[in-house]
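Numbering follows the numbering used here, in which position 120 of the sequence shown is assigned residue number 282; successive positions increment by one, without gaps.
We put the CB at the ideal spot given by N, CA and C, even for glycine.
Report on one structure; see the data block that follows.
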Amino acid sequence: MPFSAYLFFDGDCREAFELYRSVFGGEFQVLQTFADGPPDLGVPDAEKDRIMHVSLAVGSDVLMGSDHCSAFGPPPVRGTGFAISIAGESREHCDAVFARLSQGGEVRMQMQETFWGAYFGNWTDRFGVGWMINYELPRE
């Protein structure tokens with residue numbers, strides 16, 4: 163099961179990932195702003211240009227990131243804005259990992275289908291480590 167680093171920023175995600183791309187090379191696999199999301203996300207107009215998700219292949223790994231959106235809670239504390247992202251193998255796998263690792267922690271987003279075509283959940287475990295799990299749903 164692959165793991166990736168997921169970095170959180172407060173408005174400078176694009177600048178950071180342009181630097182990472184200049185250092186490591188390659189192209190962005192995904193680069194979406196909050197404006198690309200559905201209208202009911204509740205993103206303030208002033209934040210729609212912020213990065214909702216970016217991924218950059220670095221060798222056989224993937225570095226991912228996003229900017230903070232005030233509609234989703236407080237901004238990250240500089241130097242601590244990261245999570246471990248797991249590529250789920252199935253819905254059942256995601257549910258099992260989520261249930262065990264979120265116990266005693268803080269759930270940010272229950273496991274659910276998303277507008278980007280995945281089954282996704284987000285939480286902090288009881289030790290303060292941020293986790294996400296994302297299972298790409300089969301396309302019909």
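Cα-Cα separation, residue i to residue j
{"i": "D174", "j": "D229", "result": "7 Å"}
{"i": "P206", "j": "D223", "result": "33 Å"}
{"i": "F282", "j": "A208", "result": "26 Å"}
{"i": "F179", "j": "V216", "result": "8 Å"}
{"i": "A261", "j": "V291", "result": "15 Å"}
Beta-carbon separation (whole angstroms), residue i vs residue j, contact threshold 8 Å
{"i": "E121", "j": "A280", "result": "Since the first residue shown for the chain is 163 and the last is 302, residue 121 is missing from the structure and cannot be characterised."}
Cβ-Cβ distance between residue i and residue j below 8 Å
{"i": "N296", "j": "S252", "result": "no"}
{"i": "M294", "j": "A245", "result": "yes"}
{"i": "F190", "j": "K210", "result": "no"}
{"i": "A219", "j": "G188", "result": "yes"}
{"i": "G243", "j": "F171", "result": "yes"}
Residue from the options with nearest C-alpha to residue i
{"i": "C256", "options": "G243, T242, Q274, R240", "result": "Q274"}
{"i": "F289", "options": "E268, A167, G227, F171", "result": "E268"}
{"i": "P300", "options": "L181, R262, T276", "result": "T276"}
{"i": "G266", "options": "A249, T286, Q272", "result": "T286"}
DSSP bridge partner residues for residue i (one or two, in chain order)
{"i": "L181", "result": "For L181, which the question treats as bridged, DSSP gives no partner whatsoever."}
{"i": "D223", "result": "V220"}
Distance cut-off 7 Å: residue i Cβ against heavy atoms of the ligand FMN
{"i": "F282", "result": "With respect to the ligand FMN, the structure shown offers nothing to examine, as it has no ligands at all."}
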